[in-house]
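**Student:**
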Amino acid sequence: MSRPRLIKESSAPLPLDRELLVRIHDLMVKTRVLEERLIQMYKQGHGYFWIGGPGEEAFNVPLGLLMKKGQGPEYDYLHAHYRQSGTLLALGEEPIGALRQMKNTASDPYSGGRNFAGHFSLRKYNVAPVSSPIEVQYSIAPGTAMMQKRVGGDGITIVTGGDAGTAEGDFATCLIWSSRPANPLPVLIIVTNNKWGISTSAEGQHGEPRVSERGKAFNIRSKTINGNDPVEAYNELKEAMEYVRTERKPFLLEANVSRLYGHSSASGANYVSEEIDCLKQFETRLEADGVLTRQQMDELRNRYTEDMAAAARIARDEPLPAPETIWKHIFAEDK
Amino acid sequence: MANMAQAIRMALHYAEENLGVTDIFGEDVGAPLGGVFTCTQGLKTAWNSPLDERGIIGAAMGIALGGGRPVAEIQFCDYVYNTIDLLKLAGNTCWASNGDWNLPMVVRTPVGSGIRGSIYHSHSFDATMTHIPGWKVVMPSTPLDAYGLLISACKEQNPVMFLEPKALLRVKGDERIPGEPDDDRALSKMIDAPLGDRSQWKPQWPAELEAFAIPIGKGKLLREGTQLTVVSYGRTLPLCSRAAQTLADEGISVEVIDLRSLWPYDWEMIKTSVQKTGRVLFVNEDTEVTNFGEHLLRRTVEELFYSLLAPPRLVAGKFIPGIGLADTLEMASVPQQNDITDALRSLAGEQP
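In order, the protein sequence lines correspond to chains A and B.
Using the numbering used here, the letters of the first sequence map in sequence onto residues 2 to 336.
Using the numbering used here, the letters of the second sequence map in sequence onto residues -18 to 333.
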């Protein structure tokens, strides 16, 4: 278990350089505004379903910033779940893609109007297709890691999922396949713990005090961190990634995060004020430390809100995929 | 001539040397066993997985996403059922990502009855597998077809399910695989692992093996006939052939089609034959309710109705929860020689 670091003390100065703090903040705001726009689109009837990651920005943005971005086993693979918009924006994706997926337009870059919001797929950056079944990605992740280990270099596989889904056998599969003495694998196994599985609380799901402790049985280095603190998340992710990159062994990282708008649109998608809001918390620190002023942060948010509204208007008017396209891409053509 | 297990082994050897196959894996697939049916003995990229079918299918998907070319094995298809949602996911990865990703992966699994395997080593998988779009599904009935279809599967850009009729794995072929030695015993000495200690053993692969490929989606017209068509695949195919011979002796001319590929499948071959004979029997051993043969039957009725001289028929496995161990139970559960011969004879004689 990790010991609390001094950086969590609000009196301590923020230990990342200003430029990075500003960049993280910028992406967190952009992600939050995107998610809020997606929710609004749903509520206005411009999409059938919303699911996403407001409340996970403080963790997901640093993850995207730290990924070794590119295509093929020399670069990092991401097997994500559906709360990962912050990571995608940190990788450099334009938010209009997510809006297009929400509106299921033909122009949706991740699924061509076939899949729900938050179900990204981005081969150019090794982002495997996100799918709705909970935790299947944990069974798939060891495969890309095997290729990366064989190819050499320092590319790693990152797999993310929620705490509720760790009840599925796929999570055990990932722990077992990543830590076999015959072939340990460079996998960063991440669990973002929001303490809920739709409406079922953690008490109804878990006996283990921390999900990360499940790594101990497999000799997997493990840690639980505060995923609501972007500075802690950045530093801990960096350390964990460096370990996986150099040792070519798995690491289990549990990040405690918030679920700020509930599970999905199916549960209303309304702001949950009892949860910690990582963005509000971070902005208080940034202001206290003189990194950004309230006015600067408000202006940024307003600008993104306007940008996102404009992008949503574009997406709203774009055509749906043509009916005959259902037959496209059932099979890949020989290359 | 090689048997089907040897043919599979030779094709996999060719594929790992020449077609970019990176991983041949599954439970007991690597040394020392080389597969419970010996299909993967002596292969250089073969390795043993944990006893975890979901892990096996998941790893195959990951390897394919990561630029490799896996051939995964599920030891018996009876154990593939807890991977169904991963098979579905593999089948929709290309479609769901709108063509962004594709999975060049092969899954091999032994299917069907014939070894007195009781409830969990006798099941078929063709009915279930053909319900999962995005996969190509093949099922050879001869060693040569097994070789050629596996070569094609290992060249595919898409997931391929390679169903191995376990009753035929030890049956020698009538056709020579290009590059295989003439002498069976010589072949066995070269590529069959010895009993006992195998730690020093290395196979001597035939040097002239080649990329002999049977295209996926093409059936084989095994026997020409004029009065009746029988369409089958896998274990029941040789039974259909023998039935056709029996009926030939009785003066009834039966055309025999080995479908070989279940998806995509050779509708043109079926259509041409049924338009000629007007009578067709579909045979397989999976349970008969929502059976793949039912699909073929439905299509026959819808598209070839006015060519038919008698109702098209299906002989398949009984819709029961398992195949019992006792000889009597297995024989009563899945099509046997007499069931097929009788059904063909009856169909030949059917008058409105």
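Glycine included, C-beta positions come from ideal geometry on N, C-alpha and C.
(1) Helix, strand or coil, according to DSSP, for Asp267 (chain B) in the structure here?
(2) Which residues bound the beta strand (DSSP E) around Glu255 (chain A)?
(3) Does DSSP put Phe273 (chain B) in a helix, in a strand, or in coil?
(4) Give me the Cα-Cα distance between Ala183 (chain A) and Asn271 (chain A), rounded to the nearest whole angstrom.
(5) Are at least three pairs of beta-carbons, each pair with one atom in the region 162 to 176 of chain A and one in the region 210 to 223 of chain A, less than 8 angstroms apart?
(6) Output needed in chain order: residues of the region 36 to 51 of chain B with a Cβ under 8 angstroms from some Cβ in chain A.
(7) To the nearest angstrom, how far is the alpha carbon of Thr326 (chain A) from that of Leu149 (chain B)?
(8) Between Ile277 (chain A) and Ser259 (chain A), what straight-line distance do the alpha-carbon atoms span, to the nearest angstrom?
(9) Between which two residues does the alpha helix (DSSP H) carrying Phe283 (chain A) extend?
(10) For Leu21 (chain A), would you say it is in contact with chain B, using Cβ-to-Cβ distances shorter than 8 angstroms as the test?
(11) Can you look up Asp239 (chain B) in the DSSP assignment and give me helix, strand or coil?
(12) Can you round the beta-carbon distance between Gly53 (chain A) and Leu39 (chain A) to whole angstroms, since I take them to be within the 8 angstroms contact cut?
(13) Assuming Leu189 (chain A) is part of the beta strand (DSSP E), what are its boundary residues?
(14) Could you give the DSSP three-state label for Met147 (chain A): helix, strand or coil?
(15) I want to verify the contact list: residues of chain A whose CB lies under 7 angstroms from the CB of Pro13 (chain B), in sequence order.
(16) When the Cα of Ile159 (chain A) is compared with those of A:Met148, A:Pro187, A:Phe172 and A:Val152, which residue comes out closest?
(17) Would you mind telling me which residues of chain B sit closer than 9 angstroms to Gly1 (chain A), beta carbon to beta carbon, in chain order?
(18) Once the 5 residues before and after Arg4 (chain A) are set aside, which same chain residues still bring their CB inside 7 angstroms of it?
(19) At the level of alpha carbons, what is the spacing between Arg(-10) (chain B) and Val10 (chain B)?
(20) How about Pro196 (chain B): is its C-beta nearer than 8 angstroms to some C-beta of chain A?
(21) Give me, in chain order, the residues of the same chain whose beta-carbon lies closer than 7 angstroms to that of Met242 (chain A); leave out the 5 immediate sequence neighbours on both sides.
(22) Reducing DSSP to helix, strand and coil, say where Val261 (chain B) ends up.
(23) Can you find the residues in the same chain that come closer than 7 angstroms, C-beta to C-beta, to Asp81 (chain B), ignoring five residues on each side of it along the sequence?
(24) Between which two residues does the alpha helix (DSSP H) harbouring His26 (chain A) extend?
(25) Does the distance from the CB of Lys136 (chain B) to the CB of Ala194 (chain B) come in under 8 angstroms?
(26) If you draw a straight line from the C-alpha of Ala1 (chain A) to the C-alpha of Thr111 (chain B), how long is it?
(27) For the alpha helix (DSSP H) holding Asp4 (chain B), just list the boundary residues, first then last.
(28) Between which residues of its own chain and Ile177 (chain A) is the CB-CB distance below 8 angstroms, once the five residues before and five after are set aside?
**Tutor:** Short version:
(1) Position 286 of the second sequence, counted from the start, is the residue given in the question as residue 267 (chain B). If DSSP states are grouped into helix, strand and coil, Asp267 (chain B) belongs with the strands.
(2) Taking the first residue of the first sequence as position 1, residue 255 (chain A) is located at position 254. In the DSSP assignment, Glu255 (chain A) falls within the beta strand (DSSP E) that extends over Phe252 to Asn257.
(3) On the second sequence, residue 273 (chain B) is found 292 positions in, with the first residue counted as 1. The answer is helix: DSSP assigns Phe273 (chain B) an H, G or I state.
(4) Here residue 183 (chain A) is taken as the residue at index 182 of the first sequence, counted from 1. Here residue 271 (chain A) is taken as the residue at index 270 of the first sequence, counted from 1. Straight-line measurement puts the Cα of Asn271 (chain A) at about 48 angstroms from the Cα of Ala183 (chain A).
(5) Judged by Cβ distances under 8 angstroms, the region 162 to 176 of chain A makes contact with the region 210 to 223 of chain A, as three or more pairs qualify.
(6) Result list: Gly36, Ile38, Gly39, Ala40, Ala41, Met42, Gly43, Ile44, Ala45, Leu46, Gly47, Gly48, Gly49 and Pro51.
(7) Here the question's residue 326 (chain A) lines up with position 325 in the first sequence. Here the question's residue 149 (chain B) lines up with position 168 in the second sequence. Cα to Cα, Thr326 (chain A) sits roughly 41 angstroms from Leu149 (chain B).
(8) Your numbering for residue 277 (chain A) matches position 276 in the first sequence. Your numbering for residue 259 (chain A) matches position 258 in the first sequence. About 6 angstroms.
(9) Sequence index remark: in the first sequence, residue 283 (chain A) carries index 282 (1-based). Per DSSP, the continuous alpha helix (DSSP H) segment holding Phe283 (chain A) begins and ends at Cys279 to Ala289.
(10) Position 20 of the first sequence, counted from the start, is the residue given in the question as residue 21 (chain A). Not one chain B Cβ lies under 8 angstroms of Leu21 (chain A).
(11) Within the second sequence, the letter at position 258 stands for residue 239 (chain B). In the structure shown, the three-state DSSP call for Asp239 (chain B) is strand.
(12) Position 52 of the first sequence, counting from 1, holds the residue named residue 53 (chain A). Position 38 of the first sequence, counting from 1, holds the residue named residue 39 (chain A). With 8 angstroms as the limit, Gly53 (chain A) and Leu39 (chain A) qualify as a contact, their Cβ atoms being about 6 angstroms apart.
(13) In the first sequence, counting from the first residue as 1, residue 189 (chain A) sits at position 188. Here the beta strand (DSSP E) through Leu189 (chain A) covers Val188 to Asn194.
(14) Taking the first residue of the first sequence as 1, we reach residue 147 (chain A) at position 146. Looking at Met147 (chain A) - three-state DSSP - the assignment turns out to be helix.
(15) For the purposes of this step, residue 13 (chain B) is identified with residue 32 of the second sequence, where counting begins at 1. The contacting residues do not exist; Pro13 (chain B) stays about 14 angstroms from chain A at best.
(16) Locating residue 159 (chain A) in the first sequence gives position 158, counting from the first residue. Each of A:Met148, A:Pro187, A:Phe172 and A:Val152 was checked against the Cα of Ile159 (chain A), and the nearest Cα belongs to A:Pro187.
(17) Here chain A comprises residues numbered 2 to 336, so residue 1 (chain A) is not present and cannot be evaluated.
(18) For the purposes of this step, residue 4 (chain A) is taken as residue 3 along the first sequence, with counting starting at 1. Confidence at Arg4 (chain A) is low in this model, with a pLDDT of 46, below 50, so its placement is unreliable and the value that follows should be read with caution. So no residue of the chain qualifies.
(19) Walking along the second sequence from the start, residue -10 (chain B) turns up at place 9. Walking along the second sequence from the start, residue 10 (chain B) turns up at place 29. Going by the C-alpha atoms only, they are around 11 angstroms apart.
(20) Against the second sequence, residue 196 (chain B) aligns to sequence position 215. Judged by the 8 angstroms Cβ criterion, Pro196 (chain B) is not in contact with chain A.
(21) Taking the first residue of the first sequence as 1, we reach residue 242 (chain A) at position 241. Around Met242 (chain A): Leu67, Ile157 and Leu189.
(22) By 1-based counting over the second sequence, the position of residue 261 (chain B) is 280. It is a strand residue.
(23) Stepping through the second sequence from its first residue, residue 81 (chain B) is reached at position 100. Apart from sequence neighbours up to five positions away, no residue of its chain approaches Asp81 (chain B) with a beta-carbon distance below 7 angstroms.
(24) By 1-based counting over the first sequence, the position of residue 26 (chain A) is 25. Counting along the chain, the unbroken alpha helix (DSSP H) around His26 (chain A) starts and ends at Arg19 to Lys44.
(25) By one-based count along the second sequence, residue 136 (chain B) stands at place 155. By one-based count along the second sequence, residue 194 (chain B) stands at place 213. The answer is yes: Cβ separation under 8 angstroms.
(26) No statement about residue 1 (chain A) is possible, as the shown extent of chain A runs from 2 to 336 and does not include it.
(27) Within the second sequence, residue 4 (chain B) is the residue found at index 23, counting from 1. Premise fails: Asp4 (chain B) lies in the beta strand (DSSP E), Asp4 to Gly7, not in any alpha helix (DSSP H).
(28) In the first sequence, residue 177 (chain A) corresponds to position 176, counting from 1. Excluding residues within five positions, the ones whose Cβ falls inside 8 angstroms are Phe219.
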